[in-house]
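Residue 1 is where the sequence shown starts when you use UniProt numbering, and the numbers rise one by one after that. Only one structure is covered here, and it is reproduced in the block below.
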Amino acid sequence: DYSTADIPLPPGAVLALYTDGLVEHPGTDIDDAIDDLANQLAAADPGDLDVLADSLIHHAERTAPRHDDIALLLIHPQHQP
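Written out as structure tokens, the structure reads:
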């Protein structure tokens, strides 16, 4: 059995689901990398999630060589008035 929960997202929020390959690499503190990702998401325009995903992945690849695969899913819920 699995637990479920409903967590409302505020308008304009982007939910990012990702594998450790996006934030984890040798010589870097994973908490710092997660904070960096959160800051990038907070500053991003959620208008085009494809562009945002490309930007996040390219940033991760520029910061250090990756030895793990990266999977990233971005969700921008549309709120009803």
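Where a beta carbon is used, it is the ideal one built from N, C-alpha and C, also for glycine.
Option in the options with minimal Cα separation from residue i
{"i": "I70", "options": "Q78, I57 and P77", "result": "I57"}
{"i": "L49", "options": "R62, Q78 and R66", "result": "Q78"}
Contacting residues, own chain, Cβ-Cβ under 6 Å from residue i (five flanking each side not counted)
{"i": "L73", "result": "L17"}
{"i": "D68", "result": "G21"}
{"i": "E24", "result": "I30"}
Outcome for residue i when other beta-carbon atoms lying within 10 angstroms are tallied against a minimum of 16
{"i": "A60", "result": "buried"}
{"i": "L9", "result": "exposed"}
{"i": "L15", "result": "exposed"}
{"i": "V51", "result": "exposed"}
Residue i versus residue j: straight-line alpha-carbon distance, rounded
{"i": "D54", "j": "I30", "result": "21 Å"}
{"i": "P46", "j": "G12", "result": "7 Å"}
{"i": "L37", "j": "T4", "result": "26 Å"}
{"i": "D35", "j": "P26", "result": "17 Å"}
{"i": "A33", "j": "D1", "result": "32 Å"}
{"i": "N39", "j": "I75", "result": "17 Å"}
8 Å CB neighbourhood of residue i in its chain, flanking five on each side removed
{"i": "D66", "result": "First, the amino acid is wrong: residue 66 is Arg here, not Asp. Closer than 8 Å at Cβ, skipping near neighbours: G21, H25 and A60."}
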